[in-house]
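Peer 1:
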Amino acid sequence: MNINIKSQLIWVIILYPIIYYPQVLATPYQLNRLVTLSYNTETTYPNQELSKKAIEQKIPVAMNEAEIEFLQNKITNWPIGKRIAYWAARFIGTKYDPDPLGLYVRSNRIVTDEAVDCMYHTFRAVELAQSRTPHEAIQKALNLRFISRGELVNDKVTNYDQRFQYGEDMVYSGKWGQNITSRLGRVRRIKGSRGRSKVTILPKSTLKTRTFRNKLQDGDIVFWVKNPRKRVVGEIVAHLSIVHIKKGRPYIIHASGLKRSRRRAGGGVVKEVLFSRYVRKMSFIGAFITRF
0 MNINIKSQLI WVIILYPIIY YPQVLATPYQ LNRLVTLSYN TETTYPNQEL
50 SKKAIEQKIP VAMNEAEIEF LQNKITNWPI GKRIAYWAAR FIGTKYDPDP
100 LGLYVRSNRI VTDEAVDCMY HTFRAVELAQ SRTPHEAIQK ALNLRFISRG
150 ELVNDKVTNY DQRFQYGEDM VYSGKWGQNI TSRLGRVRRI KGSRGRSKVT
200 ILPKSTLKTR TFRNKLQDGD IVFWVKNPRK RVVGEIVAHL SIVHIKKGRP
250 YIIHASGLKR SRRRAGGGVV KEVLFSRYVR KMSFIGAFIT RF
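Just so you know, numbering that gives the first Met the number 0 puts 124 at position 125 of the sequence shown, and the rest follows in order with no gaps.
1) Alpha carbon to alpha carbon, how far is Gly-184 from Val-278?
2) Suppose contacts are defined by Cβ-Cβ distances below 7 Å. Is Val-170 in contact with Thr-93 by that definition?
3) Does the beta-carbon of Arg-276 have 16 or more other beta-carbons within 10 angstroms, so that it is buried, or is it exposed?
4) Near Val-125, what residues of its chain come up, given a Cβ to Cβ distance below 7 Å and the 5 sequence neighbours on each side ignored?
5) Verify whether the separation of the beta carbon atoms of Met-118 and Leu-239 is less than 7 Å.
6) Would the region 159-178 count as touching the region 218-225 if we require 3 or more Cβ pairs under 8 Å?
7) Do the CB positions of Glu-297 and Pro-133 come within less than 7 Å of each other?
8) Do the region 256-266 and the region 198-216 touch if we need at least three Cβ pairs shorter than 8 Å?
9) Give the single residue among Asn-107, Leu-273, Met-281, Gly-173 whose Cα lies nearest to the Cα of Asn-153.
10) Could you pull out every residue in the same chain whose Cβ sits closer than 8 Å to the Cβ of Phe-211, ignoring the five residues on either side in sequence?
11) Look at the Cβ atom of Phe-287, then the Cβ atom of Gly-176, and state whether they are nearer than 7 Å.
12) By a C-beta neighbour count over all protein chains shown, 10 Å radius and 16 as the cutoff for buried, is Ser-255 buried or exposed?
13) Quick check on Ser-172: does DSSP put it in helix, strand or coil?
14) Going by beta carbon distance, what residues of the same chain come within less than 8 Å of Ile-146, once the five residues before and after it are set aside?
15) Compute the beta-carbon to beta-carbon distance between Leu-215 and Ile-244, rounded to the nearest angstrom, for a pair I have assumed lies under 8 Å.
16) Give me the DSSP bridge partner(s) of Ser-240.
17) Output the residue ranges of the alpha helix (DSSP H) runs that lie fully inside the region 156-200 and measure 4 residues or longer, sorted by chain position.
18) Express the C-alpha separation of Arg-228 and Ala-53 in angstroms, rounding to a whole number.
19) So, for Ala-114: in the same chain, excluding its five sequence neighbours on each side, which residues have a beta-carbon less than 8 Å away from its beta-carbon?
20) Suppose you measure from the CA of Ile-58 to the CA of Asp-112; what does that come to, to the nearest Å?
21) Do Val-272 and Ile-91 have their C-beta atoms within less than 7 Å of each other?
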């Protein structure tokens, strides 16, 4: 056989598998990666890991239902208190709802994650924590937000007039966890309202103590109590927040802002504040605490 023909055949034998089957020269790591990407059709790890990290950076309004469900199932085995604190924290940075009535009430919607006030923030964090899908969270809302039960027609709430409008009604309803106020420290009786002659609260002096702070847990709901002399429509509770424990220290996560009025545009943001710092600077006289 001609030497040139022999040489050409040798080069064909050498180059053919390299050109058409480059994996023959792959390292074991590269081969494993090729197999993973070729045959594991459910996961393409580089993209999926980036996607998971991206979800972790989003606030709820920026998430679609699949992303919310992913996070709900990610933490489904956590204790309920930690799940509540987790969802409360996911709203940090969300715009405050300045609508005096509440955007969710004004629009007759269950989900208005684009703007939240302290009551909606508390509603939504607990609803998401108690469910495994966005749809289930809506069903939870129809129970938790209402003195009786909410009604939906064509995705619109038809009976928001039966919702909880007063924080103290949530405390005494039993729907919002157990009222553990009297178990956490020295309490005080103050003037009640709307059928309650007296109510028992934790006074500011107790809230300032380390002994009290050490008893707080993730997901505790704090119902901040207004000075009775400053009540406008008989309200006892003026603000709501959720406890988050970090490195052994309690913080509160709350929708901090002002409602719109003739004198101001209103606005604010959901933020996290060290519990002791908040108590030191606040104007409230005490609090109720509930725990799921």
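Every residue, glycine too, gets a C-beta built ideally from N, C-alpha and C.
On a predicted model such as this, the values are computed, not experimentally measured, just so you know.
Peer 2: On the basis of the coordinates in this document:
1) 15 Å
2) no
3) exposed
4) The beta carbon of Val-125 is closer than 7 Å to those of Ile-83, Leu-143 in its chain, skipping five residues each way along the sequence.
5) yes
6) yes
7) Outside the shown range of the chain, which is 0 to 291, sits residue 297, and nothing can be said about it.
8) no
9) Asn-107
10) Leu-183, Gly-184, Leu-201, Thr-205
11) no
12) buried
13) Looking at Ser-172 - three-state DSSP - the assignment turns out to be helix.
14) Gln-161, Arg-162, Phe-163, Asp-168, Ser-172
15) The beta-carbon separation of Leu-215 and Ile-244, rounded to 7 Å, stays under the 8 Å limit for a contact.
16) Val-221
17) 166-172
18) C-alpha separation (whole angstroms): 48 Å.
19) These residues qualify, in order along the chain: Thr-93, Lys-94, Tyr-95, Asp-96, Pro-97, Asp-98, Leu-102.
20) 9 Å
21) no
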